[in-house]
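Report on one structure; see the data block that follows.
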Amino acid sequence: MHVNLCVASCVAGALWLFPGSVAGQEVPPARQLTLIQARELARRSSPEIAAARHAVAAAAGRERQAGAWPNPTLAYSREQTSRDGASNAQDIVS
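Each residue of the sequence shown is one higher than the one before, counting from 46 in the working numbering.
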């Protein structure tokens, strides 16, 4: 009994706090769309079209990257040998 009273008071409190969500809200009247407006709306809000648009942009980026020159590299090598047979070498590649 105590649990039912607690649940009922919580529901009543929620209804009191949020009366707008309980009362029916008017639905705005439907507006008429032209074919051009409907196509534009579909183009802007379609996830498939957005994914295709991003795929085209990614392909264009890959094409641009494939035609670019590779990054330059620099290599330096040094070797030193002494009379007593000791040697040391150094290679630097970047």
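Here a beta-carbon is modelled for each residue, glycine too, at the ideal position from N, C-alpha and C.
- Task: Go ahead and pull the three-state DSSP assignment for Ala-131.
- Result: Three-state DSSP puts Ala-131 in coil, outside helix and strand.
- Task: Find the nearest neighbour of Ser-139 within the set Gly-130, Ala-120, His-99, Asn-133, judged by alpha-carbon distance.
- Result: Of the candidates Gly-130, Ala-120, His-99, Asn-133, the one whose C-alpha sits nearest the C-alpha of Ser-139 is Ala-120.
- Task: Go through the region 90-132 residue by residue and report every complete run of the alpha helix (DSSP H) that reaches 4 residues or more, in order.
- Result: DSSP runs (the alpha helix (DSSP H)) wholly in the region 90-132: 92-111.
- Can you tell me the Cα-Cα spacing of Ala-83 and Arg-98, whole angstroms? If you draw a straight line from the Cα of Ala-83 to the Cα of Arg-98, it is about 19 Å long.
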